[in-house]
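Below: one structure, written as structure tokens.
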Amino acid sequence: MSSGHSSIPPSPKAARLSATVLSHGIMTNGAASAHDSLARDQHIWLVTGPAGCGKSTVAKHLANSLQVPFIEGDEYHPQSNIDKMSAGIPLTDADRWDWLTALREASIQALDSSGDNKLCGGVVLTCSALKRKYRDVIRVAPYFTPRVHLHFIYLDAPEQVLLQRVSARQNHYMGANMVHSQLEVLEKPQADEVDVITVDVAREPDEVMADALSRVVQTMEEV
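Numbering (our numbering), first residue to last: 1 to 223.
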């Protein structure tokens with residue numbers, strides 16, 4: 001995929017934007033006025049990947065840096081799904097449809113509260129989106145709204161890294177035994193899924209977050 005390799009260097013302009021956001025947490029007034037055109041667009045950033053890849057950490061960093069709402073996808077699971085995952089039972093496609101639809105609707109609703117942002121209107125949310133057909137459910141969100149752009153940020157890591165991270169978590173219903181089952185059904189984004197950014201997360205968290213933010217800023221610049 002054209003945006004699926006984290007080794008692609010950002011343009012100088014995107015690098016400057018990213019540095020501004022990283023340094024200040026928000027856009028300065030001068031930088032914001034220089035990019036007023038971005039404010040006319042709205043962006044849905046879906047941070048995806050299996051358990052343990054760091055979806056919440058990366059998504060919160062992006063939302064804070066861009067000053068847009070953050071939605072934790074796990075909070076939209078019905079209790080029946082949570083009970084199954086807590087018991088180590090993988091979710092079926094049927095278990096996920098209502099959850100995915102709820103996330104899609106929540107992302108659109110969140111855009112209404114973010115339009116006055118100085119950098120851009122938008123929302124960042126987390127969702128495993130393990131299969132292509134799950135991503136396709138979310139892809140319906142910007143239909144009939146040409147100024148809304150949907151992007152997936154797929155966080156990629158080997159199984160051993162995921163297992164270590166999930167094992168270290170406390171008070172979370174997703175156990176380490178669920179990592180393997182998720183990887184068994186995982187359909188990594190393909191080259192024709194041009195709305196996907198792939199980020200290698202088998203690195204230090206600060207490096208991952210900086211890379212993800214740089215890629216996001218570059219993507220907004222290119223819209």
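Backbone N, C-alpha and C fix where the C-beta goes; we use that ideal spot for every residue, glycine too.
Residue i, buried or exposed, once every other Cβ within 10 Å from all chains shown has been counted against 16
i    : result
Q42  : buried
S206 : What sits at residue 206 in the sequence shown is Asp, not Ser. It counts as exposed.
D112 : exposed
S23  : Residue placement at S23 cannot be trusted, given a pLDDT of 49 that sits under 50; the coordinates are not used to answer.
A202 : exposed
A237 : Residue coverage of the chain in this structure runs from 1 to 223, which leaves residue 237 outside it and unanswerable.
V199 : buried
V223 : exposed
V140 : exposed
N29  : Only weak support is given to the placement of N29: the predicted model assigns it a pLDDT of 39, under 50, and the value that follows is read from those uncertain coordinates. Label assigned to N29: exposed.
Closest residue to residue i among the options (Cα-Cα distance)
i    : options                   : result
V124 : R96, R132 and I138        : I138
C53  : Q164, V148, R147 and R132 : Q164
I153 : Q218, T92, R147 and V185  : Q218
M57  : A212, E221, V216 and E222 : The sequence as given places Thr at residue 57; Met does not occur at that position. Here the closest residue by C-alpha is A212.
V148 : I108, V179 and T48        : I108
T92  : V199, D206 and Y134       : Y134
Q182 : E159, E204, E75 and Q67   : E159
A63  : V47, E222 and A157        : V47
E204 : Y76, N177, A157 and D74   : A157
A210 : A168, H61, E221 and I44   : H61
Three-state class that DSSP yields for residue i in the structure shown
i    : result
H61  : helix
T92  : coil
G49  : coil
T126 : strand
Q67  : coil
V148 : strand
G54  : coil
Y154 : strand
N117 : The pLDDT assigned to N117 is 46, lower than 50, so where the model puts this residue is not dependable, and the model offers no usable value.
C-alpha gap between residue i and residue j, whole angstroms
i    : j    : result
P78  : V166 : 21 Å
T145 : S80  : 33 Å
K84  : A51  : 15 Å
P142 : D136 : 12 Å
G122 : L155 : 20 Å
T101 : A191 : 25 Å
K188 : R132 : 8 Å
A129 : A106 : 16 Å
A87  : E193 : 33 Å
D95  : R104 : 16 Å
D98  : I89  : 18 Å
I71  : T126 : 7 Å
P69  : Y76  : 15 Å
A39  : A59  : With a pLDDT of 49 at A39, under the threshold of 50, the modelled position of that residue is not reliable, and no figure is offered here.
D195 : G49  : 15 Å
S65  : N177 : 33 Å
S18  : S214 : Because the pLDDT at S18 is just 49, under 50, the model does not fix this residue reliably, and the point stays unresolved.
V179 : I44  : 26 Å
V161 : A168 : 11 Å
CB contact below 9 Å: residue i versus chain B
i   : result
K84 : Among the protein chains of the structure shown there is no chain B, as only one such chain exists.
Worksheet entry | Ordered list of beta strand (DSSP E) runs contained in the segment 174 to 211, each at least 3 residues | Counting only runs of 3 or more, we get 196 to 200.
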